[in-house]
Every structure is written in structure tokens, then in C-alpha cells.
Amino acid sequence: MDQNIIQLTIDQKTKLHQLTQSVYIEAQKLLRDDLIQKYTDQSHLIRLLIAKDWKLDEAWEQWNRWVEWRKQYKADDIKIEEIRKELDMNKTFWNGQDKLGNPCLVIKARRHFPGQSDPDTLIRYMLYMIDIGIERAEQAGTGKITVIWDREGVTTKNFDSSMFKIIKRMITLVQDNYAERLHQAYILYPNFLYKTVMTIVKPFLSERTKQKIILCNEFKDLYPYFGDNFIISDGIGDEQIQQLQDNLQDQQQIQSFIQQQFLQQ
């Protein structure tokens, strides 16, 4: 992020300088030498300040939570072998860019099945993919990414009750620790599962994040943002999608579970 592009005011430059000094001192205490530059990067600090409306104390506290969180999940030491199953299943993949040049991450919801992965592995897998996206976004010069949550072919067989905890944790982690990195999130083919899941998830979304969510009932709804020639392909080849009919009883059981989760919040 170029400071000259966003035209920092004198007061904003002062706050950025103060935050930079504070985090650099703290980073030397908490981090390995090879990580200090990454954690004191000014473009990230500017995003933190913007996300916190330039409230210095809040940005400082958020930076500390960000460092603690990444240390907790060992985000800087993720090995391919640890997330091999997720990578092999291509649950997510980078797929071109939108009209503004933002790299696009596609999440294939129908490739997730209950019991295949433990929550911590899934979170570390998503961190790995997000970090790749940030590198691509910096190379593209936008600093931001777009996400397509592709729900084509999703049925009750993909429903995983443990995903509620994972999703809530990821929402908190992403909103707090990847400040101003998300440009837009597109929900492709939202069905009853999406709508019921959102009953639980929505209270955890900030207003800023809610405004970035766009529902796309048809694939062509993506064209205004990605162009008329946009396709989703992971390089493996188009898959034959069997449109399974959701069993009404399964839907009722899931809705009952979600209602219980909502009451427990």
C-alpha cells in the first residue's frame, strides 16, 4: 500500500509513526529476526489504523492480538505435509482476478464432508491460502483479495456441525487480523443451508464486512465484477456435478440444530 496513494494527513502520519515505533520494539521481543519485517510492515499497519478508524490504542491492541493469534496457530511455520489432505482435495484455489485486478479465491463448499479434517488443520490450511493471496495481491498492486464461496452441488451431505465453531473463529480471525484485505465476498448459489447458517454467523460479522457480501443466484451474476468470459476452473478439469435432492427430513434436522445453536449464543 502506497502512502502517497491514500494521501495520509499529518495527524495520520504521526499516528503511523508512533505505531511503527511501538510494534518494532515489541516485535524484537516476541518474534524471530526473520519475521520482524513482516510484522512491522507499514502497509499492514496502515490497514490496522484504517480498520480501527485511526484510533492508535485500538490498532496497537489489535496488532498484539494478531501476533498472538499467528503464534498460536504457528501460521509462519505451516508445512505442506500438515495440510496435504486439504490441498489434494482442492477445497479452495486461486482463480484469476476480478475487474479491479484483485486475486480471486474460490471455496468449493461441496468438497467438504464431515469428519475429514480437524478444526485446527482447516484453520491452518485457510491461513496458508490467505497468506498466498496476500502475496498475490501485493504483486498485483491492489493489496486486496476477492472470495467466491461456490455452493454449486452442495447438499445436506456436506453439512458439518463442527463448521459453526470453525466459521465463527475464522470470521473473528480474518476480520481482526487481515484488516482491509477483503474487497468483496460473493456467495454463489446460496441455498437453504447458506441462509440457515447465516442465522448463526451474521451476529459475528462487522457492518463493514456485511457490506462486502454479495449474493449471486446465477453464475452470470458474477459477470459485472469479473467480466463476461469469467470461468471457475481449478485446472483439474470440469467435474460432473450430480444435483442431489435434499431430503426434507435432513433439512428439518439441520434447521433444528441451527436453531439450538442460535439460542446458545
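Under my numbering, read the sequence shown as residues 1265 to 1529, first letter to last. For each residue, glycine too, the CB sits at the ideal point set by N, CA and C.
Beta-carbon proximity of residue i to residue j, cut-off 8 Å
i, j, result
"Gln-1448", "Lys-1429", "no"
"Leu-1283", "Leu-1320", "yes"
"Lys-1335", "Gln-1326", "no"
"Ile-1451", "Trp-1413", "yes"
"Tyr-1303", "Leu-1295", "yes"
"Glu-1332", "Arg-1374", "no"
"Lys-1355", "Lys-1372", "yes"
"Ile-1314", "Glu-1444", "yes"
"Val-1370", "Ile-1496", "yes"
"Thr-1385", "Glu-1346", "yes"
"Lys-1349", "Ser-1381", "yes"
"Tyr-1489", "Lys-1363", "yes"
"Pro-1367", "Ala-1401", "yes"
"Gly-1379", "Ala-1404", "no"
"Trp-1324", "Asp-1440", "no"
"Leu-1469", "Ile-1435", "yes"
"Asp-1341", "Leu-1299", "no"
"Tyr-1458", "Arg-1388", "no"
"Asp-1498", "Phe-1377", "no"
"Leu-1280", "Gln-1306", "yes"
Residue i - DSSP class collapsed to helix/strand/coil
i, result
"Ile-1431", "helix"
"Gln-1448", "strand"
"Asp-1510", "Here Asp-1510 scores only 42 on pLDDT, less than 50, and its place in the model should not be relied on; the value that follows carries that caveat. The answer is coil: DSSP assigns Asp-1510 none of H, G, I, E or B."
"Ile-1478", "strand"
"Lys-1338", "coil"
"Ile-1270", "helix"
"Asp-1498", "coil"
"Tyr-1458", "helix"
"Lys-1484", "helix"
"Lys-1245", "Since the first residue of the chain shown is 1265 and the last is 1529, residue 1245 is not available in this structure."
"Lys-1408", "coil"
"Ile-1505", "Residue confidence for Ile-1505 is low, a pLDDT of 33 falling below 50, so the modelled location carries little weight; the figure read from the coordinates is stated next. In the structure shown, Ile-1505 sits in coil (DSSP, three-state: anything other than H, G, I, E or B)."
Span of the alpha helix (DSSP H), counted from its first residue to its last, around residue i
i, result
"Thr-1473", "1471-1474"
"Pro-1488", "1487-1490"
DSSP bridge partner residues for residue i (one or two, in chain order)
i, result
"Trp-1413", "Ile-1371 and Ile-1451"
Any non-hydrogen atom of the ligand FAD within 7 Å of residue i CB
i, result
"Asn-1366", "With respect to the ligand FAD, the structure shown offers nothing to examine, as it has no ligands at all."
Subject >> beta strand (DSSP E) segments (min. 3 residues) lying fully within the stretch 1343-1403 >> reply: Counting only runs of 3 or more, we get 1356-1361 and 1367-1372.
Original post:
At which residue ranges does the stretch 1273-1328 contain complete beta strand (DSSP E) runs of 3 or more residues, listed in the order of the chain?
Top reply: none
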